[in-house]
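K.L.:
One structure, as structure tokens, below. Some questions next.
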DNA sequence: ATTAAGATGGAAAGCGCTTTCGTTAGGAGT
DNA sequence: ACTCCTAACGAAAGCGCTTTCCATCTTAAT
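Residue numbers (this note's numbering), protein chains in the order written: chain A, 1 to 332; chain B, 1001 to 1332.
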């Protein structure tokens, strides 16, 4: 491995000067600059980032901690897009992304591990919040996605508004018996979407029977299936259902079809997320779109500002959602 | 930041002993072990990985370089699953994944950057191969996914076999006019699938007109659309088409429907990959499934062995594919 | 009691880099 | 000719850790 010393020897300058050239310090002569750069080229020198990190206490890495209770990790159709957008943004400023593992050595906690790695910042995606305290109380710049955390920054969609949009749309279509397949209430997003649902139905003067709101778990296909089965089992099934997640909605649609009913003729279904799948299924799913692009980008901006000490106080960014009309809802 | 020195001071042992405890060296007393571990706990000590890496020349990071010509990065429905599986496997051995950016500082080449980061190994996913040389000629342990590289290890599906399976199935269904929407021939996988197609059709004694094989580009939905338009424009359109990728197949199906024809009644379509989408679309897509799980896991195993010096010579692992019958193909 | 062997602990060098602070040389100003 | 300033460069310390090699202290064997 060729080091800064090799360059120094080759150019007959000191390692100090070499380092200065490499870091664009002002007080080096043009001549020195040229010689050093040339030697770097010839010897194929690559700086060692560990050494630099050790000396500067800056790693140029951002830690990513991913939701694991969904089981798919980075293959998640929604979060993978968010993170990709996040990555694109931080890349502009020369940061790399470090995906850390949970079972690292003896230290079980991801937080410890991130600390160990010396990342400059952390983005945590849809954790359940148990770990949140460690991050929010530490000096490590952190941004949460999909979950507001006291004493930390976060960015998430306007979930409540999304729930209201869904209900408004369904109501406008003439539906009055509107059900809701909710996400597990341990998740902030789930709670908010349900809140939007309740708010809007109340606003419209609708009385929603208790059984019309059913827990579908962690936004999974299977959860959607089970929830829909229960809805269909009711003495007075709904004519429309607002499902808090697209995958869950697909499960629901499947059950409806299996019951010999049609979507949207017999039951209208509206989802949430707008994952890539949604426009391809049958029928194409009407849904509340989250702006993954913007969520990723905004969280990157927030985090970068924090890292650079530009924004001292924490803040939440709420990203607008949008109703995407496709064919899974129809007028009554 | 508390360091090994703080622990030494607190326990009245030397940093050497502290280090030995932390690294499970044999020759330290139980007493010392206990005291040190306790101090570690009390002072909230976290080892600094940069320092350790600098001293040991081992980073416990694996670099991931992703295909960019597909544009979606890590949100790719197929590769994200492969990488997730890869991640799960390397996590078992305490490695973290580093996703590096391309435009790092002045050094444009990803390879240089990986070198700079001191990763212990690299997994490159569906690059186009131009960069391959740098990796294969260097000492950096590397494994390629979806592309065999001379002087390097690789793992990929049995693409040729997949192509043959598809044709065999279609043939068995009674089809004789079988077309093929291929991937761009700069990709190894595309070439192999096409090769399988040609081999099988020849085997069956079929004569496939030249226009029956059409380039669909980089496996995109749009590419599939355009290709199918051309196929439909033929004086004698095919009764079945083997599409080299699922997303591309969806585009093809869409065009068929738009033309007022039905899948599979009028035209049978079989895809390749089996992405999550495939089973949800209408009709559920018959396809050749790639074992993403196994591909990811195998490449991890291969890479880890290389890193640990267990396997000197390079090798390719070919992962079997499987025909998944759904409803997009029917007997003639 | 004496010695050898094993167990335990520590000094110090080194990993590759940054950065502070001095030193030197040359040019400008008088 | 002399002083003063500035520009250019380098010595050395330090970042936090590992690891070799040597010193010391026990313990068991004779």
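Cβ coordinates follow ideal geometry from the N, Cα and C atoms, glycine included.
Whose CA, out of A:65, A:161, A:61, lies closest to the CA of residue 96 (chain A)?
P.N.:
A:61
K.L.:
Against residue 84 (chain A), what residues of chain B qualify as contacts under a CB-to-CB distance less than 8 Å, listed in chain order?
P.N.:
For a Cβ distance threshold of 8 Å, residue set 1072, 1073, 1074, 1075 of chain B lies close to residue 84 (chain A), ordered along the chain.
K.L.:
Kindly indicate which three-state DSSP category residue 187 (chain A) falls into: helix, strand or coil?
P.N.:
coil
K.L.:
Specify the secondary structure class of residue 74 (chain A) as computed by DSSP and reduced to three states.
P.N.:
helix
K.L.:
Residues in the segment 114 to 144 of chain A with C-beta within 7 Å of chain B's C-beta atoms, listed in sequence order?
P.N.:
115, 116, 117, 118
K.L.:
Please classify residue 1159 (chain B): is it buried, with 16 or more other beta-carbons within 10 angstroms of its beta-carbon, or exposed?
P.N.:
By the neighbour-count rule (16 or more Cβ atoms within 10 Å), residue 1159 (chain B) is buried.
K.L.:
Using 8 Å as the limit for Cβ to Cβ distance, is residue 1053 (chain B) near chain A?
P.N.:
yes
K.L.:
By DSSP, does residue 169 (chain A) sit in helix, in strand, or in coil?
P.N.:
helix
K.L.:
With 8 Å set as the bound, which would you pick, yes or no: does the beta-carbon of residue 155 (chain A) sit closer than that to a beta-carbon of chain B?
P.N.:
no
K.L.:
Could you give the first and the last residue of the continuous alpha helix (DSSP H) run that contains residue 1268 (chain B)?
P.N.:
First-last for residue 1268 (chain B): 1268 to 1273, but that is the beta strand (DSSP E), not the alpha helix (DSSP H).
K.L.:
Could you pull out every unbroken beta strand (DSSP E) segment of at least 3 residues lying fully inside the segment 256 to 318 of chain A, listed in chain order?
P.N.:
268 to 273, 286 to 289
K.L.:
Anyone know if the C-beta pair for residue 283 (chain A) and residue 225 (chain A) falls short of 8 Å?
P.N.:
no
K.L.:
Give, in chain order, every residue of the segment 1023 to 1044 of chain B whose Cβ lies closer than 8 Å to some Cβ of chain A.
P.N.:
none
K.L.:
By how many angstroms is the C-alpha of residue 1123 (chain B) removed from the C-alpha of residue 71 (chain A)?
P.N.:
23 Å
K.L.:
Take residue 174 (chain A) and list the residues in its own chain whose beta-carbon comes closer than 6 Å to its own, dropping the five residues that flank it on each side.
P.N.:
331, 332
K.L.:
State the start and end residues of the unbroken alpha helix (DSSP H) segment that holds residue 1006 (chain B).
P.N.:
Counting along the chain, the unbroken alpha helix (DSSP H) around residue 1006 (chain B) starts and ends at 1004 to 1011.
K.L.:
For the candidate residues B:1055, B:1156, B:1109, B:1146, whose alpha-carbon lies nearest to that of residue 1135 (chain B)?
P.N.:
B:1109
K.L.:
Apply the 10 Å Cβ neighbour rule to residue 1290 (chain B) and answer buried if 16 or more other Cβ atoms are within range, or exposed otherwise.
P.N.:
buried
K.L.:
Check whether the Cβ of residue 1065 (chain B) lies closer than 8 Å to any Cβ atom in chain A.
P.N.:
no
K.L.:
What did DSSP end up calling residue 125 (chain A) once you bin it into helix, strand or coil?
P.N.:
strand
K.L.:
Pull up the CB-CB distance for residue 163 (chain A) and residue 202 (chain A), whole angstroms please, since I reckon it's below 8 Å.
P.N.:
That pair is no contact at about 12 Å.
K.L.:
Using DSSP bridges, identify the partner residues of residue 64 (chain A).
P.N.:
In the DSSP assignment, residue 64 (chain A) is bridged to A:99, A:123.
K.L.:
So, do the segment 1291 to 1310 of chain B and the segment 1250 to 1264 of chain B have three or more beta carbon pairs nearer to each other than 8 Å?
P.N.:
no
K.L.:
Which same chain residues, not among the five before or five after residue 1211 (chain B), have their C-beta less than 7 Å away from its C-beta?
P.N.:
1234
K.L.:
Under a Cβ-count criterion, where at least 16 other Cβ atoms within 10 Å of its own Cβ denotes burial, should residue 189 (chain A) be classed as buried or exposed?
P.N.:
buried
K.L.:
Identify which residue in A:26, A:29, A:35 has its Cα closest to the Cα of residue 8 (chain A).
P.N.:
A:35
K.L.:
Apply the 10 Å Cβ neighbour rule to residue 1312 (chain B) and answer buried if 16 or more other Cβ atoms are within range, or exposed otherwise.
P.N.:
exposed
K.L.:
Hey, residue 1170 (chain B) and residue 1249 (chain B) are a contact pair by Cβ (cut 8 Å); roughly how many whole angstroms apart?
P.N.:
Their Cβ separation, rounded to whole angstroms, is 13 Å, which puts residue 1170 (chain B) and residue 1249 (chain B) out of contact at 8 Å.
K.L.:
Mind listing the chain A neighbours of residue 1047 (chain B)? Cutoff is C-beta to C-beta under 7 Å, in chain order.
P.N.:
116
K.L.:
Using a Cβ cut-off of 8 Å, pull out every chain B residue sitting near residue 59 (chain A), in sequence order please.
P.N.:
1050
K.L.:
My guess is that residue 197 (chain A) and residue 144 (chain A) are in contact by the Cβ rule of under 8 Å, so how many angstroms apart are they, rounded?
P.N.:
So it is not a contact: roughly 23 Å between Cβ atoms.
K.L.:
Name the one or two DSSP bridge partners that residue 1215 (chain B) has.
P.N.:
Residue 1215 (chain B) has B:1182 as its beta-bridge partners, per DSSP.
K.L.:
What residues match up with residue 86 (chain A) in a beta bridge as DSSP calls it?
P.N.:
In DSSP, residue 86 (chain A) forms no bridge with anything.
K.L.:
Which residues does DSSP list as the beta-bridge partners of residue 323 (chain A)?
P.N.:
A:288
K.L.:
Are there 16 or more other CB atoms within 10 angstroms of the CB of residue 287 (chain A), so buried, or fewer, so exposed?
P.N.:
buried
K.L.:
Going by beta-carbon coordinates alone, are residue 1140 (chain B) and residue 1115 (chain B) separated by less than 8 Å?
P.N.:
Going by C-beta atoms, residue 1140 (chain B) is nearer than 8 Å to residue 1115 (chain B).
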